[in-house]
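Our numbering runs 1466 ahead of the 1-based position in the sequence shown. Idealized CB from N, CA, C, for every residue including glycine. All figures in this text were calculated on a predicted structure; none of them were measured in a lab.
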Amino acid sequence: MTDAKIKELISTLSLEEKAGQLLQVSGLLYDDDALVTGTMDYFKITEDEKKIAGSVLSVSGAEKLKKLQDKLMSEQPHHIPNVFMLDIINGYETIYQVPLGQGATFNPELTEKLAEVAAKEGAAAGIHCTFSPMCDLVRDARWGRVMESTGEDPYLNGLMGAAMVRGYQGDDIKAKGRLASCVKHFAGYGGAEAGRDYDTVELSERTLRESYLPAYKEAIDAGAKLVMTSFNTLNQIPSSGNKWLLKDVLRNEMGFDGMVISDYGAVKEMVNHGIAKDDTAAGELAINAGVDMDMMSFCYIRGLLELVAEGKVSEELIDESVYRVLKLKDELGLFENPYKDASEEDEKKLILCDEHRALAKQSAVESFILLENKENVLPLSEESGSIAFIGPFVDSHKVYGSWTFPKDEKTMVTIRQGIEGLNPKNNCTFSQGCQFFTKNVKCKNGERLEYDILKAPAMLEEAINAAKKADTVVMCLGEYHQQTGEAASRTEIRIPKGQMKLLKKINEVNKNIITLIFTGRPLELEEVSELSKAVMVTWYPGVETGNAIADVLFGKQEPGGRVPMSFPYTVGQEPCYYNRFRSGRPNNGTLDQGFVMGYIDQIDKMLYPFGYGKTYTEFSYSPVTLSADKLTGNAPIKASVTLKNVGERPGTETVQLYVQDLYGSVVRPKKQLKGFEKVTLNPGEEKVVTFEITEDMFRFYDINMNFTSEPGDCRVFVGPDSETENCAYFTLEA
Ligand code: NOJ
1467 MTDAKIKELI STLSLEEKAG QLLQVSGLLY DDDALVTGTM DYFKITEDEK KIAGSVLSVS
1527 GAEKLKKLQD KLMSEQPHHI PNVFMLDIIN GYETIYQVPL GQGATFNPEL TEKLAEVAAK
1587 EGAAAGIHCT FSPMCDLVRD ARWGRVMEST GEDPYLNGLM GAAMVRGYQG DDIKAKGRLA
1647 SCVKHFAGYG GAEAGRDYDT VELSERTLRE SYLPAYKEAI DAGAKLVMTS FNTLNQIPSS
1707 GNKWLLKDVL RNEMGFDGMV ISDYGAVKEM VNHGIAKDDT AAGELAINAG VDMDMMSFCY
1767 IRGLLELVAE GKVSEELIDE SVYRVLKLKD ELGLFENPYK DASEEDEKKL ILCDEHRALA
1827 KQSAVESFIL LENKENVLPL SEESGSIAFI GPFVDSHKVY GSWTFPKDEK TMVTIRQGIE
1887 GLNPKNNCTF SQGCQFFTKN VKCKNGERLE YDILKAPAML EEAINAAKKA DTVVMCLGEY
1947 HQQTGEAASR TEIRIPKGQM KLLKKINEVN KNIITLIFTG RPLELEEVSE LSKAVMVTWY
2007 PGVETGNAIA DVLFGKQEPG GRVPMSFPYT VGQEPCYYNR FRSGRPNNGT LDQGFVMGYI
2067 DQIDKMLYPF GYGKTYTEFS YSPVTLSADK LTGNAPIKAS VTLKNVGERP GTETVQLYVQ
2127 DLYGSVVRPK KQLKGFEKVT LNPGEEKVVT FEITEDMFRF YDINMNFTSE PGDCRVFVGP
2187 DSETENCAYF TLEA
């Protein structure tokens, strides 16, 4: 449709219908199987409102959505098609690695392909738009939603967010197999105080702009069609009522011209925040601030008429929002083809097809982070002898992250199935050893995990016997998957107690332990690492879990991941991240100093810092050499190292580039990631790895809030992780 046609259509709509276009309602109104992704407290919609709602969230399936579209279009007075949205954050039915694990791959090309797979399956199932990517920067592992982010680094998050948008949308969202992409949660949701979900975010404008906004911006620049507001207050203003954020920053500075949707119920929540006295006032704040669509709070549909009559909201403003909603529908091609790609045939063909599974497996393998590998106990071989696989994850299908809703959990290949499928020559046994928890647990989605005290002793005994007989033990431990995600913040970031107890008991009878960690967040792993020879984080890998683990354990493939979010020694160090500001009382990473920044009971270091991860081989780095010792705006320089595989196996290293501005008009971070390259080398092989260093890598918000670089001394680091000291100095000239 032309713009003129969309505007003509708007001119024929009643004000009620316009307000309806700006309402998104839960699919539960139409389908008992729809997902519940928020509270239902204020879920009392009238039949008239139902007929004019512009969008439905959380129903899926080609047959269902085609029927629903027919019904909704027949009821909508102008037969305007509905737009169907869903949270597809790491795969539709071919569920793959959680986003934090994707961050660990340092492989945006792979993430783009994964998003494309998700879009194909989701589109075939009748979905038009996905609420992804989540570009929130995360620094506090207590926050349950860190799993949905790609980590603590603005640069990496930006690459990943943009890759997801490209993967979902392609060049044209109308094209078959494409979805519109919604960047969320604007802005700063990851900065919740002490990691408490939905709590206050206080960020200086400089930190907001320098660290938190860039990833959203990258995803928006990649063409994302929607942006979702965040639940939190940002410096005392809830995002859904923050005109400065939505108009000045998002629209004017970032140039976003797509549709802004509130998060679930977030408009109404401004009443709880205490900045709107009732729902109507909340609606007034939100529409005037720039929220086009109200997700599940009915403030617009019930308040806008009155607000227009009272002159508090102009009808022109409402028309602008309706225009953005209709424009999205038009760009998706819904006016000509309201089902878009919904097709039962395509669902059968695409969902969980071999090609999609193969990518899921690759993302799992590339995301596993080898944290420890003492005595090169990994990879396993025939010499590893008999192997006892022990732990609650051994036979579990709960190996997928929060926000994924498999229709059949059995599509997840378990560890046992993966190992048996690989059929190693080693004699392998499998036992659970313990249950996920040592008490009854009610998970956040209402799921109950009953603890069976009567089963516990026999389970433990079986595992101990298996460990005694085995040459090698593989412990499969971690957080239960519902301990992560929305509304799953924790004050502890440890493996559940019963599982730690099991690890200690097994260690008493067999020291040759490899521990796999399932998690959606960085955990305290010091004790695990003391009790194990090898430790590998696997996150929640999804459908190909067992196959990917089998391949990596037995050395058919290498674990490729690097830490995307720092693992502290203890939760007391949170929030923790590598790119901190320099202190006036620097800490040298020991406890032998007085009156320095830090703690008296914990060294100022991470257990596993950002960027860290081992391979099955070893690499050496030469010192950094520079092509010149002066850098100017129009003459970039080159920084090089010679990387050599000095181990005995082929391997892939993630070579990382960090920069530091040594003196600035405001305090600068210790280091900032500005590039990386994955390099594969055979034993003995070496390669010169070169990065271009450009002036824009040194830009920041100076003392006057100008985004600029300042002339002066700088450093560039090239090494294996964020703690590298391998650096060279140069001068940045004006
Ligand atoms: C609330 C979550 O914060 C958001 O990420 C999600 O997209 C919506 N619910 C819709 O399910």
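DSSP state of residue 1874, grouped into three classes?
When secondary structure is reduced to three states using DSSP, residue 1874 falls in the coil class, being assigned neither helix nor strand.
Could you give the distance in angstroms between the alpha-carbon of residue 2051 and the alpha-carbon of residue 2064?
Spanning the two alpha carbons is a distance of roughly 9 Å.
Is the number of C-beta pairs between the segment 1688 to 1706 and the segment 1636 to 1654 that are closer than 8 Å three or more?
Output reads yes: the segment 1636 to 1654 touches the segment 1688 to 1706.
heavy atom of the ligand NOJ below 7 Å from residue 1735 C-beta
In this structure, the ligand NOJ has no non-hydrogen atom nearer than 7 Å to the beta-carbon of residue 1735.
Taking its Cβ as the centre, do 16 or more other Cβ atoms sit within 10 Å of residue 2043, making it buried, or is it exposed?
By the neighbour-count rule (16 or more Cβ atoms within 10 Å), residue 2043 is buried.
Under 7 Å Cβ to Cβ from residue 1739, same chain only, skipping five residues before and after it: list those, please.
Non-local beta-carbon contacts of residue 1739 in its own chain, meaning distances under 7 Å to residues more than five positions away in sequence, involve 1699, 1704 in chain order.
Cα separation between residue 1553 and residue 1587?
Their Cα atoms are separated by approximately 13 Å.
Under 7 Å: does the beta carbon of residue 1651 sit that close to some heavy atom of the ligand NOJ?
Between the ligand NOJ and the CB of residue 1651, the shortest heavy atom gap is smaller than 7 Å.
Could you pull out every residue in the same chain whose Cβ sits closer than 7 Å to the Cβ of residue 1564, ignoring the five residues on either side in sequence?
Non-local beta-carbon contacts of residue 1564 in its own chain, meaning distances under 7 Å to residues more than five positions away in sequence, involve 1556, 1613, 1867, 1986, 2005, 2006 in chain order.
Any idea what DSSP makes of residue 2053, helix, strand or coil?
In this structure, residue 2053 counts as coil in the three-state DSSP scheme.
Would DSSP call residue 1765 helix, strand or coil?
Reduced to three states, the DSSP call for residue 1765 is helix.
Quick one: what's residue 2138 bridged to in DSSP?
For residue 2138, the beta-bridge partners assigned by DSSP are 2125.
If residue 1881 and residue 1942 are in contact, beta carbons under 8 Å, what's the gap, nearest whole angstrom?
Right, the Cβ-Cβ distance comes to about 6 Å (below 8 Å), so this counts as a contact.
Hey, out of 1798, 2155, 1895, whose CA is closest to residue 1929's CA?
Just measuring C-alpha positions, the residue of 1798, 2155, 1895 sitting nearest residue 1929 is 1895.
I want to check one thing, is the minimum distance from the CB of residue 1503 to the heavy atoms of the ligand NOJ below 7 Å?
Checking the Cβ of residue 1503 against the ligand NOJ gives yes.
In terms of residue numbering, what span does the beta strand (DSSP E) encompassing residue 2153 cover?
First-last of the beta strand (DSSP E) with residue 2153: 2152 to 2159.
Count Cβ pairs between the segment 1938 to 1958 and the segment 1847 to 1867 that sit closer than 8 Å; are there 3 or more?
Yes, the segment 1938 to 1958 touches the segment 1847 to 1867.
Along the alpha helix (DSSP H) that carries residue 1632, what are the first and last residues, could you check?
1620 to 1635 is the extent of the alpha helix (DSSP H) around residue 1632.
Helix, strand or coil at residue 1490 according to DSSP, with G and I counted as helix
In the three-state scheme derived from DSSP, where H, G and I count as helix and E and B as strand, residue 1490 is classed as strand.
Let me confirm a value: residue 2058 is counted as buried when at least 16 other C-beta atoms fall within 10 Å, else exposed. Which label applies?
Exposed, because fewer than 16 other Cβ atoms sit within 10 Å of the Cβ of residue 2058.
Got a sec? Which residues, its chain only, sit under 7 Å from residue 1963 by beta carbon, not counting five neighbours each side?
Hits under 7 Å: 1904.
What residue range is occupied by the uninterrupted beta strand (DSSP E) comprising residue 1981?
Counting along the chain, the beta strand (DSSP E) containing residue 1981 begins and ends at 1979 to 1984.
Taking 7 Å as the cut-off, is the C-beta of residue 1597 nearer than that to any heavy atom in the ligand NOJ?
Result yes, Cβ under 7 Å from the ligand NOJ.
Quick one, which of 1521, 1680, 1718, 2082 has its alpha-carbon nearest residue 1840's?
Shortest Cα-Cα distance from residue 1840 to any of 1521, 1680, 1718, 2082 involves 2082.
At a cut-off of 7 Å, would you count residue 1523 as near the ligand NOJ, judging by its Cβ distance to the nearest heavy atom?
Answer for residue 1523: yes, Cβ within range of the ligand NOJ.
To the nearest angstrom, how far is it from the Cα of residue 1974 to the Cα of residue 1845?
Each residue's alpha carbon lies about 23 Å from the other.
Could you check the C-alpha separation between residue 1998 and residue 1489 for me, to the nearest Å?
Rounded to the nearest whole angstrom, the CA to CA distance from residue 1998 to residue 1489 is 53 Å.
Return the bridge partner residues of residue 2181 from the DSSP annotation.
As computed with DSSP, residue 2181 is found in a beta bridge with 2126, 2195.
Reference residue 1416, options 2074, 1500, 2072, 1828, closest by Cα
Summary: the structure shown does not reach residue 1416, with the chain confined to residues 1467 through 2200, and so no result is reported for it.
Compare the beta carbon distance of residue 2125 and residue 2155 with 8 Å and say whether it is the shorter of the two.
Not closer than 8 Å, so no.
Three-way DSSP call (helix, strand, coil) for residue 1956 in this model:
Coil, per DSSP.
Counting beta carbon pairs with one atom in the segment 2106 to 2122 and one in the segment 2158 to 2170, are three or more of them shorter than 8 Å?
Note that the segment 2158 to 2170 does not touch the segment 2106 to 2122; fewer than 3 beta-carbon pairs, one per stretch, sit closer than 8 Å.
Cβ distance (whole Å) where residue 1952 is taken to contact residue 1665 below 8 Å
Not confirmed; about 13 Å, so no contact.
Measuring CB to CB, does residue 2137 end up less than 8 Å from residue 2183?
Yes, they are a contact pair.
Going by beta-carbon coordinates alone, are residue 1956 and residue 1948 separated by less than 8 Å?
Contact flag unset, no.
Rounded to whole angstroms, what's the CA-CA distance from residue 1493 to residue 1774? Just pull it up for me.
Straight-line Cα distance between these residues: approximately 29 Å.
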